[in-house]
Structure formats: C-alpha cells, structure tokens
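Q:
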Amino acid sequence: MANLIVIDIEELSALCRLKPTLKDCAAFFKCSEDTIERRIKEATGQTFAEFREQNMVFTRYDLVRRAIQKASSGDNTMLIFCLKNLCGWADKPVNEDKERDNDEFENMSDFDLNERLKQLSGKL
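Below, the structure written as structure tokens:
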C-alpha cells in the first residue's frame, strides 16, 4: 500500500499566491505533480490553474493597493504608472476614428481583405 502524502491545502493556497508552477509545488511538497493536482481537485473541485489563479487575486489586490499608496504618498513615477495602467491614461490621445477603421479589417478573411484592397487601389 502506498504512503498517502498529506498536503495542507491552506499551505498550498499560500504558496499559490506567489504564482508557482505545478512543478514548483510538487518540489515544495516533495511529491508528484499528479498528487498536487489530485489534492486540489479533491479539496476544491478546481484544476491547478484555476486554484492558483483564485489565490493570485490576493497578490494582485495587494500589489495594486501598494501601488496606489505609493502614488498617493507623492511618488510621481508610480502616480503616472497607476494613471496609465489603472485608469487607461495615455501619453498621446488615441485617435478613435483610426481605431474604428482598424476594427473593420481585424475580422476580415484574407479573401475579403484582398477584395477590399482591390476596391481601394481602384480609387487611387
């Protein structure tokens, strides 16, 4: 009979806040990757990727909170970073009409693109 490897799901949860690979988790608990996946499935019904992502939310919120605190305390570099990444600011305004024009071509097939190019080249 094989020895049952005990994995503390709370400890694994805390480890997953650091975004380890499945291989890293298996090495940490000195077991196989399959064992990690099975224990997560038994305890939560989730896959390893889902479990890790669920636990990473705490890390992301903590990082965002710290970035905002730094920006609020006068770190202008962090303020600019937060404005760009959290608020959608940009150094140069986006030309919305140009974006709309590009959207038209994004979902076209190669055939449709070639036909459109023929139409446009005839207008030149």
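In the numbering used here, each residue carries its 1-based index in the sequence shown increased by 234.
Don't be surprised by glycine CBs; every beta carbon is placed ideally from N, CA and C.
Alpha carbon to alpha carbon, what distance is there between Glu-276 and Cys-250?
A: Approximately 17 Å between the Cα atoms of the pair.
Q: Please classify Ile-241 as buried or exposed, where buried requires at least 16 neighbouring CB atoms within 10 angstroms.
A: With 16 or more other Cβ atoms within 10 Å, it is buried.
Q: Compare the C-alpha of Ser-247 against each of Cys-265, Thr-293, Ile-239, Asp-268 and name the closest.
A: Thr-293
Q: Consult DSSP for Ser-307 and reduce its assignment to one of helix, strand or coil.
A: coil
Q: Taking its Cβ as the centre, do 16 or more other Cβ atoms sit within 10 Å of Arg-273, making it buried, or is it exposed?
A: buried
Q: Going by DSSP in three states, Ile-243 sits in which element: helix, strand or coil?
A: helix
Q: Pick helix, strand or coil for Ala-324, following the three-state DSSP scheme.
A: It is coil, neither helix nor strand.
Q: Which first and last residues belong to the alpha helix (DSSP H) in which Met-279 is found?
A: Met is not the amino acid found at residue 279; the sequence shown has Gly there. Segment: none, Gly-279 is in no alpha helix (DSSP H) and carries neither H nor E.
Q: Suppose you measure from the CA of Thr-278 to the CA of Ile-239; what does that come to, to the nearest Å?
A: 17 Å
Q: To the nearest angstrom, how far is the alpha carbon of Arg-286 from that of Leu-297?
A: Counting only the Cα atoms, Leu-297 lies some 17 Å from Arg-286.
Q: Is it buried or exposed, Ile-243, if we count other Cβ atoms within 10 angstroms and call 16 or more buried?
A: exposed
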